[in-house]
Amino acid sequence: MPQKLIPNHRTINSKQLLKKEEKNSIIEICPVRNVIARFGNKWALLVVLVISEHECVRFNELCRLIPDVSSRVLSGTFKTLEADALVARKVYPTVPPKVEYRLTDIGRSLVPLIAQLTEWRRQT
Numbered sequence: 377m378p379q380k381l382i383p384n385h386r387t388i389n390s391k392q393l394l395k396k397e398e399k400n401s402i403i404e405i406c407p408v409r410n411v412i413a414r415f416g417n418k419w420a421l422l423v424v425l426v427i428s429e430h431e432c433v434r435f436n437e438l439c440r441l442i443p444d445v446s447s448r449v450l451s452g453t454f455k456t457l458e459a460d461a462l463v464a465r466k467v468y469p470t471v472p473p474k475v476e477y478r479l480t481d482i483g484r485s486l487v488p489l490i491a492q493l494t495e496w497r498r499q500t
């Protein structure tokens, strides 16, 4: 059976490699890991909550509502939330361009779950 040399000078066989690959594939589809990957950005859940408190929010308004976040980070957070279909972006054809962000139905469905997590943290 072919063997591979790894940096700490131990050898492993093909069966061990296969088990490791199988283990990694299970981890990759882990629901908890997927949730953390989606909301691992420390601003994503806060942005969802702030937007939920308003019907729609413009970018600079949200910058004022969350002063700790940089424009660059907020822009990336919006792109991620939009790609995940949690936030809808509407651009108006004006000069300068007017852009508004709203929660989608999926985004609104997340708000009670965030509230439950927040309440759980307050109690512990």
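According to the working numbering, the stretch in the sequence shown is residues 377 to 500, in order.
Using N, Cα and C, we set each Cβ at its ideal position, and we do this for glycine too.
Comparing alpha carbon positions, the residue from Ser447, Leu462 and Val433 closest to Leu486 is Leu462. For Val424, the secondary structure class from DSSP, reduced to helix, strand or coil, is helix. Residue Leu421 holds the alpha-carbon nearest to the alpha-carbon of Leu493 among Asn417, Ala413 and Leu421. Using a Cβ-Cβ distance cut-off of 8 Å, the stretch 428–438 and the stretch 469–482 are in contact, since at least three pairs of beta carbons, one from each stretch, lie closer than that value.
Contact between Val426 and Leu450 is absent: CB atoms are separated by about 11 Å, not below the 8 Å threshold.
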